[in-house]
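Quick note on the numbering used here: the sequence shown kicks off at 1 and runs consecutively.
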Amino acid sequence: MAPDVTDLAGELLRSPLVAVGIPLALIGAVFLSLGAQFQNRGVEKIERRHGDGSRAGLSRRQLVRLLGRPSWLIGSVMLGIAVLFQLVSLGFAPLIVVQPIGVVALVVTAILNARVARIRLDHRAKRAIILCVGGVAVFVVVAALYAVDRLVDDTQLLIILGMLGALTLTFGIVFAVVRRRSGALFAILAAGVLFGFVATLAKVVITRITTAGLDPLTIVAIVALITAAALGGYFVQTAHQLGSPDLVIAGLTVVDPIVAVLVGAFVVGEAVLMPWPAVLLGVAAGVVAVVGVRELAKHHPQTHR
Numbered sequence: 001m002a003p004d005v006t007d008l009a010g011e012l013l014r015s016p017l018v019a020v021g022i023p024l025a026l027i028g029a030v031f032l033s034l035g036a037q038f039q040n041r042g043v044e045k046i047e048r049r050h051g052d053g054s055r056a057g058l059s060r061r062q063l064v065r066l067l068g069r070p071s072w073l074i075g076s077v078m079l080g081i082a083v084l085f086q087l088v089s090l091g092f093a094p095l096i097v098v099q100p101i102g103v104v105a106l107v108v109t110a111i112l113n114a115r116v117a118r119i120r121l122d123h124r125a126k127r128a129i130i131l132c133v134g135g136v137a138v139f140v141v142v143a144a145l146y147a148v149d150r151l152v153d154d155t156q157l158l159i160i161l162g163m164l165g166a167l168t169l170t171f172g173i174v175f176a177v178v179r180r181r182s183g184a185l186f187a188i189l190a191a192g193v194l195f196g197f198v199a200t201l202a203k204v205v206i207t208r209i210t211t212a213g214l215d216p217l218t219i220v221a222i223v224a225l226i227t228a229a230a231l232g233g234y235f236v237q238t239a240h241q242l243g244s245p246d247l248v249i250a251g252l253t254v255v256d257p258i259v260a261v262l263v264g265a266f267v268v269g270e271a272v273l274m275p276w277p278a279v280l281l282g283v284a285a286g287v288v289a290v291v292g293v294r295e296l297a298k299h300h301p302q303t304h305r
């Protein structure tokens, strides 16, 4: 049955708690930036000391050695804190409002990484960052004006799980075939897509447990969430091996929210009140942001080091 527009409008007007979710998401973005910087340092040291020069993804031996790197462990703790803040913020605001706010981490990372790595971003890399931030900023404004929280029913959850399963299988096969020439952009795009579904499932699981308790389908969603997070985490570490922290954060804060928003809008119905001009503006902003990620991967000096 189609949702009643009057009910949705009333729900939108009754959502002042969005103002609580947004600052929580901003705090999470700062921790995301710091965590990425520390993890990148740990991965670089492991690659330098134990890599074979192929840069074809981290081996099992390298992954084990990461657990002994203090910088990588500190970064992992910070990323865990970032995820915690994001999950809490999802309890106050719709997914398509919370997710794009993480792009703030890109600005923090760009400034921090330039100082730590003692590099100077040229005008093309700076323009790419501006495209990422500007595109997502417009998207956040549009989403915040029209987004509404919707409960995910069993049919919608099965659709989400089916999409995630197909994409996970596809990424695994493609990476196994072309891992030696896949590059940083593939790794971060794969990570962004998977984490977009992780965020979506996290929102679904939280809502279902708090409203109806734990049921078999929710347990399946939790298993899928953990699996996607593990594979996405591997792709993130591979992206650290091949590119800069800026690129990793750009992918996670642009690709991740775009995927989550598309799922929220077209499967869950969070954008049902959005008029067509706003939809077109959001699509255009998303395209601009993705172009920014591609340009950053192409022109960032650390990607070609």
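Ideal Cβ placement from N, Cα and C applies to all residues, glycine included. All values derive from a computational prediction rather than experimental measurement.
Just checking, does the stretch 210-226 make contact with the stretch 275-285 on the three C-beta pairs under 8 Å criterion?
-> no
For Ala-29, does the count of other Cβ atoms within 10 angstroms reach 16, so buried, or fall short, so exposed?
-> The residue labelled residue 29 in the question sits at position 29 within the sequence shown. Buried, since its Cβ has 16 or more Cβ neighbours within 10 Å.
Under 9 Å, do Leu-106 and Ile-129 count as touching if we go by C-beta distance?
-> Taking the sequence shown and counting its residues from 1, one reaches residue 106 at position 106. Taking the sequence shown and counting its residues from 1, one reaches residue 129 at position 129. Closer than 9 Å, so yes.
To the nearest angstrom, how far is it from the Cα of Pro-23 to the Cα of Phe-31?
-> The residue labelled residue 23 in the question sits at position 23 within the sequence shown. The residue labelled residue 31 in the question sits at position 31 within the sequence shown. Distance between the alpha carbons of Pro-23 and Phe-31 is about 13 Å.
Would you decide whether Asp-256 is buried or exposed? Buried here means 16 or more other CB atoms lie within 10 Å of its CB.
-> Locating residue 256 in the sequence shown gives position 256, counting from the first residue. It is buried - the Cβ of Asp-256 has at least 16 other Cβ atoms within 10 Å.
Please classify Arg-150: does DSSP put it in a helix, a strand, or coil?
-> The residue labelled residue 150 in the question sits at position 150 within the sequence shown. DSSP places Arg-150 in coil when its eight states are reduced to three.
Spatial distance of Ile-258 from Arg-65 (CA atoms) = Locating residue 258 in the sequence shown gives position 258, counting from the first residue. Locating residue 65 in the sequence shown gives position 65, counting from the first residue. When rounded, the distance between both Cα atoms is 33 Å.
is_contact[Ala-224, chain D] using C-beta, thresh 9 Å | Here there is only one protein chain, and chain D is not present.
Which residue from Lys-45, Ser-59, Arg-48 puts its Cα closest to that of Tyr-234?
-> One-based indexing of the sequence shown puts residue 234 at position 234. Ranking the options by Cα distance to Tyr-234, first place goes to Ser-59.
In three-state terms, what does DSSP make of Ser-89?
-> Locating residue 89 in the sequence shown gives position 89, where the first residue counts as 1. Helix at Ser-89.
Neighbourhood of Tyr-146 by C-beta, 7 Å cutoff - its chain only, sequence neighbours within 5 removed = Residue mapping note: residue 146 aligns to position 146 of the sequence shown, counting from 1. Within the same chain, Tyr-146 has close Cβ partners Ala-271, Leu-273, Met-274, Ala-278.
From Gly-251 to Ala-125, what does the alpha carbon distance come to, in whole angstroms?
-> One-based indexing of the sequence shown puts residue 251 at position 251. One-based indexing of the sequence shown puts residue 125 at position 125. Approximately 14 Å, taken between the alpha carbons.
Is it the case that the Cβ atoms of Leu-34 and Gly-75 are separated by a distance below 9 Å?
-> Start at 1 with the first residue of the sequence shown, and residue 34 comes out as number 34. Start at 1 with the first residue of the sequence shown, and residue 75 comes out as number 75. A contact, by the Cβ cut-off of 9 Å.
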